[in-house]
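In my numbering, the protein residues as written are 244 to 496. Have a look at the structure below, then the notes.
Written out as structure tokens, the structure is:
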């Protein structure tokens, strides 16, 4: 008898980002200049200090604390202080990239069969993280004619059900590039507060903002301390995607 893979594995979608990679590689071999719009890979050099640290690792690379080393957490704490987000060290958890942080957030906030509202279009791998957790993503569409800003709160109300546990927000947004205003974040924060929902805020593109626009972190909104879970990554900021360095931060104890 042939063994069968799990139902969960059969549901997991293949990453569209990765499906395009072999096609791009083949085109490059044929001499075609490829512009990668399918993956968030900065083309800036990784800082020399980071590369030097990788070379000068200890002779014995031992297990580190699950939440991250004291040195790592202290650096993250200083960074967030610098960008106006004061956090206690025990409110930050280091993760293997922003993707693991998203998965942790979904697993921590939802039970099997629960639902998360998400603004569409969205980063495709959110679907895989939700499927792994047994969670259903419920898309709420944003519109190109509105610059892909947040839809009216009434549309989130219509999409909410008794199984809704959280909202996932990506700001600045991947893939649209939209930077949500403080007023938009306050509106969606009030929605989460009213209905007892978590707000999972993916802010890995915080420093990829131009034209003098200001990024408001959901973690800066008053009255949402129990609701906001911030997802972050060093991969984009330091052009070190392959190192898988990220974190999760929340004031919810």
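Even for Gly, the Cβ is constructed at its ideal location relative to N, Cα and C.
- A distance below 8 Å separates the beta carbons of residue 343 and residue 489.
- A distance below 8 Å separates the beta carbons of residue 409 and residue 352.
- CA-CA distance, residue 412 to residue 245, rounds to 42 Å.
- Around the beta-carbon of residue 394, 16 or more other beta-carbon atoms lie within 10 Å, marking it buried.
- Around the C-beta of residue 294, fewer than 16 other C-beta atoms lie within 10 Å, and the residue is accordingly described as exposed.
- Residue environment: residue 407 is assigned as buried (16 or more neighbouring CB atoms within 10 Å of its CB, all protein chains considered).
- For the 8 Å CB-CB criterion, residue 341 and residue 478 form a contact.
- In the DSSP annotation of this structure, the continuous segment of the alpha helix (DSSP H) that includes residue 430 starts and ends at 425–438.
- For the pair residue 458 and residue 414, the CB atoms are nearer than the 8 Å cut-off.
- Secondary structure of residue 403 (DSSP, three-state): coil.
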